[in-house]
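Read through the structure below, which is laid out as structure tokens, and then see the notes.
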Ligand SMILES: [Zn+2]
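Numbering (this note's numbering), first residue to last: 65 to 219.
In structure tokens:
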């Protein structure tokens with residue numbers, strides 16, 4: 065054995081199967097339940113400063129108050145910023161075929177933005193402030209991809 069082989073990292077490939085259960089907590093559980101069963105998007109409103117967070121969180125980032133008042137927000141909103149993905153990094157984890165776009169979307173009635181896919185859109189015509197609306201899957205499972213993507217609002 066040469067000196068180079070003797071010091072080379074010894075690598076073993078394998079695949080782990082790790083079943084697990086994850087409790088989302090009361091707020092996120094209701095958020096996903098409403099998304100799945102009613103195609104409603106819920107935020108949480110701070111009773112002290114009225115800030116509405118979507119997705120819901122349990123503590124206000126402004127006043128540190130405890131949050132538990134779920135409120136329905138619109139399925140429409142505005143693109144705060146976006147990016148277009150042009151490379152494949154892991155086909156099994158990428159939700160679309162390149163090129164595709166992610167946007168940070170602030171829904172009407174919410175004070176915060178969240179990241180989701182943009183679809184049915186000419187990627188060269190994306191713009192900040194563009195009005196978009198949620199497109200829901202027909203068969204929803206109670207996860208964020210129950211919203212397939214956001215598309216420009218149909219006029
Ligand atoms: Zn607050």
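Even for Gly, the Cβ is constructed at its ideal location relative to N, Cα and C.
No experiment lies behind these values; they were computed from the predicted model shown.
Taking 8 Å as the threshold (C-beta atoms), are residue j and residue i in contact?
i           : j           : result
residue 182 : residue 199 : no
residue 146 : residue 165 : yes
residue 132 : residue 91  : yes
residue 204 : residue 121 : no
residue 172 : residue 116 : no
residue 219 : residue 210 : no
residue 216 : residue 194 : yes
Taking the straight line between their C-alpha atoms, what separation do you get for residue i and residue j?
i           : j           : result
residue 17  : residue 143 : In the structure as shown, the chain starts at 65 and stops at 219, and residue 17 therefore has no counterpart that could be examined.
residue 189 : residue 82  : 42 Å
residue 111 : residue 94  : 19 Å
residue 214 : residue 206 : 17 Å
residue 208 : residue 74  : 40 Å
Whole-angstrom Cβ separation of residue i and residue j, contact assumed at under 8 Å?
i           : j           : result
residue 167 : residue 150 : Not confirmed; about 16 Å, so no contact.
residue 96  : residue 84  : That belief does not hold up - the Cβ atoms of residue 96 and residue 84 are roughly 17 Å apart, past 8 Å.
residue 135 : residue 107 : 6 Å
residue 98  : residue 141 : About 17 Å separates the two Cβ atoms, so there is no contact after all.
residue 139 : residue 162 : Contact doesn't hold; Cβ gap of about 27 Å is too wide.
residue 118 : residue 72  : At roughly 50 Å, the Cβ-Cβ gap does not stay under 8 Å, so residue 118 and residue 72 are not in contact.
residue 187 : residue 123 : Between residue 123 and residue 187 the Cβ distance is about 36 Å, and since that is not below 8 Å, they are no contact.
How is the alpha helix (DSSP H) around residue i delimited, first residue to last?
i          : result
residue 95 : 90-102
What are the start and end residues of the beta strand (DSSP E) that includes residue i?
i           : result
residue 190 : Run containing residue 190: none; DSSP gives neither H nor E here.
residue 216 : 211-216
residue 134 : 133-137
residue 109 : 105-109
residue 13  : Shown here, the chain extends from 65 to 219; a query on residue 13 therefore has no answer.
residue 80  : Neither: residue 80 is in no beta strand (DSSP E) and is coded neither H nor E.
Report task. Taking 7 Å as the limit, tell me which residues put their C-beta closer than that to any heavy atom of ligand 1, in chain order. Result -> 110, 112, 113, 115, 124, 126, 127, 129
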